[in-house]
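S.K.: Numbering (the numbering used here), first residue to last: 14 to 81. Even glycine gets a Cβ: it sits at the ideal position worked out from N, Cα and C. My questions will all concern the structure given below.
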């Protein structure tokens, strides 16, 4: 989550909030290919939000824009 927060949040942005999921929620969202939804980030005073996905095999994280 820390790495995703650095990418999504501008330096000095006090209105950027990460929301990590609990381990039980993360395990329930894992796909057969090893991708797990580990949380989400809200930016721009709540106008933008991003899902944070982690590839278990490579350790690589991805941000995906939420369509709320």
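Have a look at 22, 51, 69 and flag the residue whose alpha-carbon is nearest the alpha-carbon of residue 36.
M.R.: The option with the nearest alpha carbon to residue 36 is 51.
S.K.: Cα separation between residue 53 and residue 71?
M.R.: Roughly 20 Å separates the two Cα atoms.
S.K.: Looking only at DSSP bridge pairs, what is residue 45 linked to?
M.R.: Answer is none; residue 45 lacks a bridge partner.
S.K.: Where does residue 124 fall in DSSP's three states?
M.R.: This structure gives no information on residue 124, because the portion of the chain shown stretches from 14 to 81.
S.K.: What is the DSSP secondary structure of residue 60, reduced to helix, strand or coil?
M.R.: DSSP places residue 60 in coil when its eight states are reduced to three.
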